[in-house]
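Numbered by the numbering used here, the letters in the sequence shown go through residues 5 to 323 in order.
Glycine included, every Cβ here is placed at the ideal spot set by N, Cα and C.
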Amino acid sequence: MIRGVTRPSRRFPHAVRVVLTLLALMTLVAGVAVAARRARPGRPELPVLGHIPSFAMNDQRGRAVTDATLRGEVLVVDFFYATCTTSCPRLTGRMLAVQQGLDARERQAGRHLPVRLVSITLDPDNDRPETLRAYAERAGADEARWSFLSGRSEDLDHVVTGGFNYAFERAEPAAGIGAIMHGEWIILVDAAGSLRGYYAASDSERMGALVDDAARLAAEGPGASPREGPTPSSHEGAQQAPGPKSYHAVGVVKSFGPGRAFVNISHEDIPGYMQAMTMSFEPQRAGQLDGLAERDRVEFDFVETEDARRVLTRIGERQ
């Protein structure tokens, strides 16, 4: 026997066992990670909340645009007017952020996303194509993606209130054209013309969800078959949001939607929710608006769903 030389027959098998054990542990950890990823629920499907109305307008270049010509593209829609100095600049800024977010998605994916931004003026008598074109240039709008539309004043109720379920109110003519009150919502429409979500422009998190949802609908394509129904969807995956907060308000009934599907109320300030303006509210149950008439002063409670619908839980004439 040669001294100083150790026989390897016992140590080598031990080292192999250690290596194999480590590999097995690594495989187990990787398998658990894959299983966890698979167990995470996907983003829930966006419900269908209605359908866009038929309309015919002109864009900032004077070109004719209709609801039919926009089919096949996912739409991100807001309402504004060129002389507005309050909420409209914020809305336009949010729309610009959506445009930039979609551009970034396209660069990352290496392909075009069929999503179009559409801004519809609430002051068509003054916002002619040349006015809209100047506004679009100041906003940094990409004409290939972002259209600014102006139609006829007499069609606004049909298109805006009746079709998109979006409340606005023009003040008396003596107050000046600047007094058009409206909300700060951006609406998502799929390639088939179905309303799929309302997003508060004041909520940065919802604005991020809007880019995600628009890109997802674009990837699904016009042949997708969304489910019908008023059930709001969560944008938080598996996290369950708490129940909607209830608000109390006082106001005056301005008008009703077709079949009393909604009511437009000029309300006083709602603490913690909205300053005084006119907004639309949906009844929680059939017949809830019966007995009410225009110009009635009412007191009511409502909740706002995750898809930005304001649902009346109680309403009645204020004594």
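- Distance check between Ile274 and each of His116, Arg142, Glu303 and Thr73 places Glu303 closest, using alpha-carbon atoms only.
- Under the DSSP definition of a beta bridge, Phe260 partners with Val267.
- By the criterion of at least three beta-carbon pairs nearer than 8 Å, the region 213–226 is not in contact with the region 255–270.
- Setting aside the 5 residues that flank it on each side, Gly261 has no residue in the same chain whose C-beta is closer than 6 Å to its C-beta.
- Shown here, Glu134 sits in a helix according to DSSP, grouped into three states.
- Under the criterion of beta carbons closer than 8 Å, Thr125 and Leu153 qualify as touching, at roughly 7 Å.
- The residue from Ala113, Leu192, Phe285 and Leu100 with its alpha-carbon nearest to that of Ala171 is Phe285.
- Where Thr96 is concerned, the enclosing alpha helix (DSSP H) starts and stops at Ser91 to Ala113.
- Going by beta carbons, Tyr251 and Phe306 fall inside the 7 Å limit.
- Around the Cβ of Asp131, a 10 Å sphere holds 16 or more other Cβ atoms; the residue is buried.
- Counting along the chain, the unbroken alpha helix (DSSP H) around Asp217 starts and ends at Ser208 to Glu224.
- Straight-line measurement puts the Cα of Arg313 at about 14 Å from the Cα of Thr282.
- Shown here, Glu77 sits in coil according to DSSP, grouped into three states, outside any helix or strand.
- The alpha-carbon of Trp189 is positioned some 6 Å away from that of Ala205.
- Rounded to whole angstroms, the gap between the alpha carbons of Gln103 and Asp294 is 43 Å.
- Boundaries of the beta strand (DSSP E) around Val122: Val119 to Thr125.
- Apart from the 5 residues on each side of it in sequence, Ile184 sits with its Cβ closer than 8 Å to the Cβ of Tyr85, Cys88, Leu126, Asp127, Phe172, Glu173, Arg174 and Ala175 in its chain, given in chain order.
- CA-CA distance, Arg301 to His162, rounds to 25 Å.
- In the DSSP assignment, Tyr203 falls within the unbroken beta strand (DSSP E) covering Ser198 to Ala204.
- 7 Å or more divides the Cβ of Ala195 from the Cβ of Leu117.
- Membership of Met281 in the beta strand (DSSP E) is indicated by the continuous run Met281 to Pro287.
- Among the bridge pairs identified by DSSP, Arg314 is matched with Glu308.
- Distance from the Cα of Thr309 is smallest, within the candidate group Arg111, Ala60 and Gln288, for Gln288.
- Residue environment for Glu147: exposed (fewer than 16 other C-beta atoms within 10 angstroms of its C-beta).
- For Ala253, the number of other beta carbons within 10 angstroms of its own is at least 16, and it is reported as buried.
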